[in-house]
Amino acid sequence: EAGVVQSPRYKIIEKKQPVAFWCNPISGHNTLYWYLQNLGQGPELLIRYENEEAVDDSQLPKDRFSAERLKGVDSTLKIQPAELGDSAVYLCASSTTSVNEQFFGPGTRLTVL
Amino acid sequence: AQSVAQPEDQVNVAEGNPLTVKCTYSVSGNPYLFWYVQYPNRGLQFLLKYITGDNLVKGSYGFEAEFNKSQTSFHLKKPSALVSDSALYFCAVRVDTGRRALTFGSGTRLQVQP
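Residue numbers (the numbering used here), protein chains in the order written: chain A, 23 to 135; chain B, 2 to 115.
In structure tokens form, the structure reads like this:
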């Protein structure tokens, strides 16, 4: 069974530029999550989707971050414009329901210069 | 608000010896508890979970964890450590109602010496 796929794995951009991350969850997983992981810290939830509905986006900085999951399968997380403090690893995870364990992708390491 | 504490930044153990990685939590409501492991340049891998039932939970790669409600702890254990167990371990908690978001601890680096 294929795991959660994320791309790109690494991204380096200059501040004020836009950037987008893509995630394809495990087939059949209705719940999709985006997390941010800073160096030396645990992941922090940005947004959770149940199918195509964003049911928890309370921690998403909506002035610059946006996300979509139009067909309830893959998802895109966008930052526009990026700031130096956005440098981190962005993790995508999926689960069959919001109760069950989450399966994580390898993450996208973003560096903002 | 829910929180997780992993009091040790790093745990060192000799190969073949038992290991314990500590985790305490704070939630309002019934906790769901999880352990994940992270290897360099890889995503988090699920090890085990406690939802309900037996307080001793067995998971992948010979790991187990004991849920202690009175001490609000969920320590990860393994009877005999392997060098390949060296990695970053995260404890996480969520509640069975409300927002249901996972809250992770800051992680504990396990170093197993040959």
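Positions of the beta carbon are idealized from the N, C-alpha and C atoms, including for glycine.
Outcome for residue i when other beta-carbon atoms lying within 10 angstroms are tallied against a minimum of 16
i: A/Thr130; result: buried
i: B/Ala93; result: buried
i: A/Asn102; result: The residue asked about is misnamed: residue 102 of chain A is Gln in this sequence, not Asn. Under this definition A/Gln102 is an exposed residue.
i: B/Asp55; result: exposed
i: A/Ile34; result: exposed
i: B/Tyr26; result: buried
i: A/Ser80; result: exposed
i: B/Leu34; result: buried
i: A/Pro65; result: buried
Cβ-Cβ distance between residue i and residue j below 9 Å
i: B/Gln7; j: B/Phe64; result: no
i: A/Cys20; j: A/Tyr32; result: Residue 20 of chain A lies beyond the residue range present for chain A, which begins at 23 and ends at 135; the question has no answer from this structure.
i: A/Leu68; j: A/Ala89; result: yes
i: A/Thr118; j: A/Asn52; result: yes
i: A/Gly62; j: B/Ser107; result: yes
i: B/Phe75; j: B/Ala82; result: no
i: A/Arg70; j: B/Ala2; result: no
i: B/Leu20; j: B/Lys70; result: no
Beta-bridge partners of residue i, as assigned by DSSP
i: A/Phe126; result: A/Ala115
i: B/Val38; result: B/Gln46, B/Tyr90
i: A/Tyr71; result: A/Leu54, A/Ala76
i: B/Phe105; result: B/Ala93
i: B/Phe27; result: As written in the sequence, residue 27 of chain B is Ser, which differs from the Phe given in the question. In DSSP, B/Ser27 forms a bridge with B/Ser4.
i: B/Glu18; result: The residue you asked about is not Glu; residue 18 of chain B is Asn in the sequence shown. Answer by DSSP bridge pairing: none, since B/Asn18 is not bridged.
i: A/Thr133; result: A/Ile34
Delimiting residues of the beta strand (DSSP E) encompassing residue i
i: A/Ile34; result: 32-35
i: A/Cys45; result: 41-46
i: B/Ser4; result: 4-6
i: A/Asn60; result: Careful: A/Asn60 lies outside any beta strand (DSSP E) and carries neither H nor E.
i: B/His76; result: 74-79
i: A/Val27; result: 27-29
i: B/Lys1; result: Residue 1 of chain B is absent from the model: chain B starts at 2 and stops at 115.
Which full runs of the alpha helix (DSSP H) of 4+ residues lie inside the region 76-100 of chain A, going along the chain? none
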